[in-house]
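Trainee:
2 protein chains.
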Amino acid sequence: MADRFDPPQVLDRLAAELLVVRCSGHLADPQRRYPRWELDNAALQRLLQRGVGGVILLGGCAAELRQRTRQLEAWAGAPLLLCADVEEGVGQRFEGASWLVPPLALARIHAEDPALAIDLARRYGACTGREARQLGLNWVLAPVCDVNNNPANPVINVRAWGEDPATAGALAAAFCRGVQAEGVLACAKHFPGHGDTASDSHLELPLIPHGRERLEAVELPPFREAIATGVAAVMTAHLLLPAIDADHPATLSRAVLTGLLRQQLGFEGLIVTDALVMEAIAGRYGPSEAAVLALEAGADLVLMPEDADGAIEAIVAAVASGRLSLEQLRASQQRRRRALERCSADGGDSAPAPLGALSNGPAPPDQALALELVRRSLVSRGRGPVPGGPGVNLIRLDNSLACPFLPAGAPALALPAAAGWRTCLIDGQGPSPWSGDGEAPLVLERLGDGPVLLQLFVRGNPFRGRADGADPWPAVIRQLQAAGRLAGLAVYGSPYAWETLAALLDPRVPAAWSPGQMALAQGELLGRLGFGPQGGATPDDDAPRAALAVDFTD
Amino acid sequence: MADRFDPPQVLDRLAAELLVVRCSGHLADPQRRYPRWELDNAALQRLLQRGVGGVILLGGCAAELRQRTRQLEAWAGAPLLLCADVEEGVGQRFEGASWLVPPLALARIHAEDPALAIDLARRYGACTGREARQLGLNWVLAPVCDVNNNPANPVINVRAWGEDPATAGALAAAFCRGVQAEGVLACAKHFPGHGDTASDSHLELPLIPHGRERLEAVELPPFREAIATGVAAVMTAHLLLPAIDADHPATLSRAVLTGLLRQQLGFEGLIVTDALVMEAIAGRYGPSEAAVLALEAGADLVLMPEDADGAIEAIVAAVASGRLSLEQLRASQQRRRRALERCSADGGDSAPAPLGALSNGPAPPDQALALELVRRSLVSRGRGPVPGGPGVNLIRLDNSLACPFLPAGAPALALPAAAGWRTCLIDGQGPSPWSGDGEAPLVLERLGDGPVLLQLFVRGNPFRGRADGADPWPAVIRQLQAAGRLAGLAVYGSPYAWETLAALLDPRVPAAWSPGQMALAQGELLGRLGFGPQGGATPDDDAPRAALAVDFTD
């Protein structure tokens with residue numbers, strides 16, 4: 001039953017308060033990269049005035065984000081949950097802040113020195129929480145609590161804090177403490193555990209065949225640890241777990257959210273869905289029905305409903321028809337408001353940051369942390385510097401047009417260029433380099449002459465050549481070695497790719513791996529392979545002139 | 001002679017005031033794209049405190065630039081000249097502001113309707129001046145007054161306001177009036193005229209063989225018009241004009257700067273050099289000597305000296321040795337100060353803009369101007385929509401890693417993708433698509449099957465295939481037509497490229513040209529070729545899913 005006074009508007013606002021909509025971190029509409037998913041400013045302003053209670057932001061630099069969060073608060077006129085997927089430091093998503101190595105790097109450190117890794121994870125969280133707050137965010141959608149026990153996992157992989165439950169739990173909990181000590185909320189995800197899937201819930205609904213016993217042994221412990229340490233929120237997974245609920249994915253399952261998470265694990269904080277627009281949900285349920293089902297199942301907040309207005313109306317109708325109780329929605333509202341109060345009550349400097357926050361980049365201790373993490377997680381092998389050269393700097397990446405780690409001047413480009421190496425990018429969007437021959441997949445004459453420095457930016461499951469769909473890189477390593485042309489190997493990202501490829505290397509080939517892909521990791525890694533620091537170019541090299549010509553057209 | 005009181009410091013500050021140094025528009029040091037050319041914040045702050053009087057900025061978005069200019073003013077503690085190469089709207093360099101079609105587009109309009117073109121040029125200037133001021137800039141390094149009478153010019157080309165002196169002069173002067181009515185300084189460049197060169201002064205020193213009579217007929221009129229309309233500054237060219245000065249390039253020539261510009265053309269405003277780091281100067285003179293030579297020749301301000309401290313010291317020493325007179329430096333100082341006063345005295349709203357300027361992008365009239373310019377300058381031919389398909393969306397661009405006009409979701413990518421076309425990028429940094437056969441330059445099987453939509457982003461003189469150095473695109477057009485695979489042609493940028501290629505087309509092939517390369521131009525042009533508006537993707541296409549996967553990794 002609705003309130004006695006003005007019930008339609010009150011209920012409408014209550015429903016709206018439980019939604020988290022998405023917008024770009026860029027200020028202006030034309031700057032949006034994904035207008036299909038990112039509300040325009042008119043719609044955003046209208047929804048915030050309708051009472052929508054949270055916004056997830058993506059895109060833009062730190063300075064822009066700081067203005068953006070202030071703008072959103074002004075439009076809402078009430079405290080908002082402002083969140084972002086900043087799992088690897090705020091700089092992962094917003095240029096100008098700290099970009100840290102992915103969490104799995106710390107799991108590797110944990111194997112050697114658990115106390116050090118736990119302290120690093122806490123500092124990692126503190127850095128992320130502090131910078132988030134400085135830019136106006138109050139909710140970090142991390143840590144990933146999934147145990148990455150399946151190296152083929154296309155969507156979790158290096159985002160996890162461990163490959164075993166104890167490591168993942170200890171580090172994720174330390175990260176939570178770091179974030180929340182800064183007065184920012186953390187979010188353990190993706191409940192009840194997304195680590196053991198080989199399919200991608202962005203595209204389809206993965207199935208987890210495990211029973212309760214196995215969940216208790218592997219998937220649940222990190223969530224238990226995060227909850228024990230006081231994590232403010234838990235995000236649900238778009239997974240089917242037939243042993244618990246044969247009919248509904250976890251996000252929409254009362255057995256999972258209310259039964260398992262709320263009652264059995266005793267979690268009293270905010271339960272938020274993963275993005276409802278994702279194909280595993282959006283493809284199966286109506287855009288508004290999914291929001292109602294999630295709340296029915298026990299979620300407090302609905303992330304990225306496909307149609308926010310439709311979701312509000314469906315929730316209102318579900319209350320009217322008795323599918324949802326007003327008491328339940330009010331309880332969710334109370335959890336949301338308690339979480340917001342916690343942001344200002346918890347430690348840290350709770351005063352709003354000035355617009356000039358981070359205006360000279362990360363603070364020195366955070367810069368030091370970023371460098372320490374890169375150095376401690378870097379692995380190299382082989383003897384001395386890359387021999388021969390100049391030759392071909394062959395770089396594999398996902399998409400050269402949207403590649404935040406390879407701006408002009410990035411070390412992976414600039415250091416080899418300064419030594420005379422020619423860049424050749426392979427990203428599946430250029431002319432094919434593939435022969436169709438699985439044993440000699442590259443057509444070498446399409447790349448140019450000379451030794452090859454192979455730099456692979458790989459995370460998740462990107463091990464597919466365009467020609468045949470199979471992983472071409474082990475064969476490429478063998479092919480280049482057989483031709484006497486492999487001068488060096490750099491792998492940025494996946495430890496599994498590194499381990500597979502390093503095992504194939506001639507021991508004389510210098511090679512290194514960094515879990516990080518950002519400029520800092522590139523510079524450190526290439527330093528190990530004998531490429532000088534930036535600026536060490538010889539006076540007659542072409543690279544700076546080319547940069548100047550691109551850059552300075554007057 | 002120096003002052004009686006504390007002469008060394010006074011002279012040091014006077015010398016410093018005449019320099020314009022370069023920094024990134026990004027706030028934080030690690031965000032710099034060209035650290036070799038862009039001062040770090042510590043050096044910048046120190047130089048501003050030493051008295052450096054101007055800064056040229058490049059890079060960063062509008063929101064970041066607004067903070068950056070405020071930061072620089074705070075460091076300097078005195079009024080600064082803050083400038084940028086925003087020749088084609090502030091959005092050309094700083095995302096979030098207006099990005100307009102290049103000036104040569106208006107020259108084409110001028111041929112049909114001079115009054116309309118002149119009014120558009122004035123509005124173009126007003127838009128640029130207003131947005132510059134809103135972001136804290138007070139000096140627009142435009143208009144280009146060079147007459148682009150040489151289609152092979154690699155460096156001016158579409159940046160010019162005309163291919164004949166009358167058009168260039170009328171439009172450049174109208175642009176100046178628009179900029180300066182907003183309380184922002186304009187800058188006519190590159191004196192005495194850079195239009196008739198086929199070499200690039202970024203790389204070498206071009207030679208202009210013309211005598212005075214020809215200069216009066218072609219090169220000088222646009223500068224005379226800009227001066228007559230009150231342009232605040234003139235920038236020098238790095239060109240050798242043996243008929244005037246056989247020994248020194250214009251930038252360092254007393255005959256050109258003092259004789260021709262100051263005395264004969266009667267220009268009383270600021271004379272600023274082009275960037276002294278450019279190879280035509282940097283490669284020939286010592287880094288500090290060039291600054292002294294420029295001032296000796298009659299320049300008031302020195303742009304981007306290779307070593308600002310060295311330049312200050314060299315200027316101080318030149319005064320001590322009598323090479324430079326203190327009176328001359330003081331006259332330059334006065335011109336600089338008068339220009340700064342003019343910024344606040346001239347029309348427009350002279351109050352400093354708030355940090356949230358442009359926070360919802362360009363104002364509606366400026367958006368309308370940008371669209372009007374795109375529509376009026378768009379040329380299309382052939383019949384109806386692109387037939388066949390889906391096939392290969394073959395895109396030629398300079399550098400996929402630094403391509404501001406092709407972010408994720410750019411129409412040139414998204415519209416064909418939504419209709420099922422596969423993107424294939426050719427930028428000289430991927431595996432070679434070239435056969436080495438001049439008559440059939442592309443190896444078609446490296447691109448994939450089906451009809452080809454050819455989209456060329458070309459400006460200046462980029463008509464070089466990697467394989468042979470000759471212009472491959474006319475042969476590519478013939479090759480694709482012979483194979484029955486040319487479905488459509490889009491040219492963004494150079495009218496010369498368009499005219500050359502359009503002449504080769506089968507009249508049935510739909511084709512279009514826009515002088516602009518930005519998203520707005522892409523959408524309008526592809527609309528003419530039958531590709532629907534963004535968001536018109538069929539529900540089962542792959543593009544939005546792929547975008548989601550890239551974008552939304554949780």
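Going down the list, the sequences are from chains L and Z. The first sequence maps to residues 1 to 554 in full-length UniProt numbering. The second sequence maps to residues 1 to 554 in full-length UniProt numbering. Positions of the beta carbon are idealized from the N, C-alpha and C atoms, including for glycine.
(1) Between V374(Z) and R323(Z), how many whole angstroms is the CB-CB distance? I'm expecting something under 8 Å.
(2) Would you say L260(L) and A233(L) are within 8 Å of each other, going by their C-beta atoms?
(3) Where E499(L) and V379(L) are concerned, what is the direct C-alpha to C-alpha distance, given to the nearest angstrom?
(4) When the Cα of G51(L) is compared with those of G77(L), L525(L) and F94(L), which residue comes out closest?
(5) Could you name the residues of the same chain whose beta carbon sits closer than 7 Å to that of G298(L), not counting the 5 residues immediately before and after it, in chain order?
(6) With distances taken Cα to Cα, identify the nearest neighbour of G230(L) among R214(L), I244(L) and L185(L).
(7) Taking 7 Å as the line, does the beta carbon of N393(L) fall inside it for any heavy atom of the ligand FMN?
(8) Please confirm whether A28(Z) has its beta-carbon closer than 8 Å to some beta-carbon of chain L.
(9) By how many angstroms is the C-alpha of L18(Z) removed from the C-alpha of F405(L)?
(10) Under 9 Å, CB to CB, which of the residues in the segment 436-451 of chain L have a partner in chain Z?
(11) Locate the alpha helix (DSSP H) running through residue 555(Z), then write down its first and last residues.
(12) If contacts are defined as beta-carbon pairs under 8 Å, then G430(L) and A28(Z) qualify, I think. What distance do you get, rounded to the angstrom?
(13) Would you mind working out which of A117(L), C83(L), G60(L) and G530(L) sits nearest G382(L), comparing C-alpha positions?
(14) Note the first and the last residue of the continuous alpha helix (DSSP H) segment covering Y34(L).
(15) Taking 8 Å as the CB-CB cut-off, is T423(Z) touching chain L?
(16) Residues in its own chain within less than 6 Å of R485(Z) by CB, not counting five upstream and five downstream?
(17) Quick check: is the beta carbon of P429(L) nearer than 8 Å to any beta carbon in chain Z?
(18) Can you check the segment 189-230 of chain L for any alpha helix (DSSP H) of at least 4 residues that lies completely inside it and give the ranges in chain order?
(19) Using a Cβ-Cβ cutoff of less than 8 Å, which residues in the same chain neighbour Q333(Z) once the five nearest sequence positions on both sides are dropped?
(20) Under the assumption that D274(Z) contacts S288(Z) (Cβ atoms under 8 Å), give the Cβ distance between them as a whole number of angstroms.
(21) Which whole-angstrom value is the C-beta distance of F175(Z) and A121(Z), which I expect to be below 8 Å?
(22) Under a Cβ-count criterion, where at least 16 other Cβ atoms within 10 Å of its own Cβ denotes burial, should residue 555(L) be classed as buried or exposed?
(23) For my contact list, E182(Z) and G129(Z) are in at a C-beta cut-off of 8 Å; report their separation, rounded to the angstrom.
(24) Could you name the residues of chain L that I426(Z) contacts, counting a contact when the two beta carbons are closer than 8 Å?
(25) Tell me the rounded alpha-carbon separation between G25(L) and L525(Z).
(26) For D146(L), count the other beta carbons within 10 Å of its own beta carbon; 16 or more makes it buried, fewer makes it exposed. Which is it?
(27) Excluding the 5 residues preceding and the 5 following A502(L) in the sequence, name in chain order all residues of the same chain whose CB lies nearer than 7 Å to its CB.
(28) Between N41(Z) and chain L, is any beta-carbon pair separated by less than 8 Å?
(29) Are the Cβ atoms of N393(L) and Q455(L) separated by less than 8 Å?
(30) Mind reading off the beta-carbon distance from N138(L) to L82(L)? Whole number of angstroms is fine, and I expect it under 8 Å.
(31) Just how far apart, CA to CA, sit L369(Z) and A63(L)?
(32) Going along the segment 85-108 of chain Z in order, which residues come within less than 8 Å of chain L, judged by CB to CB distance?
(33) Tell me which same chain residues have a C-beta within less than 7 Å of the C-beta of P515(L), skipping the five on either side of it?
(34) Strictly below 8 Å CB to CB, what residues from chain Z border Q517(L)?
(35) Answer yes or no: does any C-beta atom of chain L fall closer than 8 Å to that of Q479(Z)?
(36) Is the beta carbon of H238(Z) sitting closer than 8 Å to the one on A280(Z)?
Mentor: The answer reads as follows:
(1) In the second sequence, the residue the question calls residue 374(Z) occupies position 374. In the second sequence, the residue the question calls residue 323(Z) occupies position 323. In fact, because the Cβ distance is near 51 Å, the residues do not count as touching under 8 Å.
(2) Working through the first sequence from its first residue, we reach residue 260(L) at position 260. Working through the first sequence from its first residue, we reach residue 233(L) at position 233. Taking 8 Å as the Cβ cut-off, L260(L) and A233(L) do not qualify as a contacting pair.
(3) Taking the first residue of the first sequence as 1, we reach residue 499(L) at position 499. Taking the first residue of the first sequence as 1, we reach residue 379(L) at position 379. Distance between the alpha carbons of E499(L) and V379(L): 11 Å.
(4) Locating residue 51(L) in the first sequence gives position 51, counting from the first residue. Selected option, being the one with the closest Cα: G77(L).
(5) Taking the first sequence and counting its residues from 1, the one referred to as residue 298(L) is at position 298. Here the set comprises R254, L257, T258, R262 and I271.
(6) Here residue 230(L) corresponds to residue number 230 of the first sequence, with the count starting at 1. Among R214(L), I244(L) and L185(L), the Cα nearest to that of G230(L) is on L185(L).
(7) The ligand FMN is not among the ligands present in this structure, which contains no ligands whatsoever.
(8) Start at 1 with the first residue of the second sequence, and residue 28(Z) comes out as number 28. At least one chain L Cβ lies under 8 Å of A28(Z).
(9) Position 405 of the first sequence, counted from the start, is the residue given in the question as residue 405(L). Position 18 of the second sequence, counted from the start, is the residue given in the question as residue 18(Z). The straight-line gap from Cα to Cα measures roughly 37 Å.
(10) L442, V443, E445, R446, L447 and G448
(11) The question about residue 555(Z) has no answer, for chain Z in this structure spans 1 to 554.
(12) Numbered from its first residue, the first sequence carries residue 430(L) at position 430. Numbered from its first residue, the second sequence carries residue 28(Z) at position 28. Contact doesn't hold; Cβ gap of about 32 Å is too wide.
(13) Position 382 of the first sequence, counting from 1, holds the residue named residue 382(L). With distances taken between Cα atoms, G382(L) lies closest to G530(L).
(14) What you label residue 34(L) is simply residue 34 of the first sequence in a count that begins at 1. Note, Y34(L): premise wrong, no alpha helix (DSSP H); not H, not E.
(15) As a working note, residue 423(Z) is residue 423 in the second sequence. Yes, contact with chain L.
(16) Reading the second sequence from its first residue, position 485 is the one you call residue 485(Z). Correct list, in chain order: P451 and V452.
(17) Looking up residue 429(L) in the first sequence gives position 429. Here residue 429(L) is Gln; the residue named in the question, Pro, does not match the sequence. Yes, because at least one Cβ of chain Z sits closer than 8 Å to the Cβ of Q429(L).
(18) 220-228
(19) In the second sequence, counting from the first residue as 1, residue 333(Z) sits at position 333. Closer than 8 Å at the Cβ level, and outside the excluded window around Q333(Z), lie L14, E17 and L18.
(20) Taking the first residue of the second sequence as 1, we reach residue 274(Z) at position 274. Taking the first residue of the second sequence as 1, we reach residue 288(Z) at position 288. That pair is no contact at about 17 Å.
(21) By one-based count along the second sequence, residue 175(Z) stands at place 175. By one-based count along the second sequence, residue 121(Z) stands at place 121. So it is a contact: roughly 5 Å between Cβ atoms.
(22) Shown here, chain L extends from 1 to 554; a query on residue 555(L) therefore has no answer.
(23) Taking the first residue of the second sequence as position 1, residue 182(Z) is located at position 182. Taking the first residue of the second sequence as position 1, residue 129(Z) is located at position 129. That pair is a contact at about 3 Å.
(24) What you label residue 426(Z) is simply residue 426 of the second sequence in a count that begins at 1. By Cβ distance, chain L contributes G430 and P431.
(25) In the first sequence, residue 25(L) corresponds to position 25, counting from 1. In the second sequence, residue 525(Z) corresponds to position 525, counting from 1. Answer to the nearest angstrom: the Cα atoms are 28 Å apart.
(26) In the first sequence, the residue the question calls residue 146(L) occupies position 146. Classification of D146(L): buried, given that the 10 Å Cβ count is 16 or more.
(27) If you number the first sequence from 1, residue 502(L) lands on position 502. Only R381 and A511 meet the Cβ criterion.
(28) As a first step, residue 41(Z) is located in the second sequence; it is residue number 41 there, counting from the start. Yes, contact with chain L.
(29) The residue labelled residue 393(L) in the question sits at position 393 within the first sequence. The residue labelled residue 455(L) in the question sits at position 455 within the first sequence. Yes, the Cβ-Cβ distance between N393(L) and Q455(L) is below 8 Å.
(30) Counting from 1 along the first sequence, the entry for residue 138(L) is found at position 138. Counting from 1 along the first sequence, the entry for residue 82(L) is found at position 82. Indeed, because the Cβ distance is near 6 Å, the residues count as touching under 8 Å.
(31) Within the second sequence, numbered from 1, the residue matching residue 369(Z) stands at position 369. Within the first sequence, numbered from 1, the residue matching residue 63(L) stands at position 63. The straight-line gap from Cα to Cα measures roughly 28 Å.
(32) D85, E87, E95 and G96
(33) Residue mapping note: residue 515(L) aligns to position 515 of the first sequence, counting from 1. V101, P102, L104, A105, V158, S377, G493 and P495.
(34) Against the first sequence, residue 517(L) aligns to sequence position 517. None at all; the shortest Cβ gap to chain Z is about 13 Å.
(35) By 1-based counting over the second sequence, the position of residue 479(Z) is 479. So, not an interface residue.
(36) Here residue 238(Z) corresponds to residue number 238 of the second sequence, with the count starting at 1. Here residue 280(Z) corresponds to residue number 280 of the second sequence, with the count starting at 1. For H238(Z) and A280(Z), yes; Cβs fall inside 8 Å.
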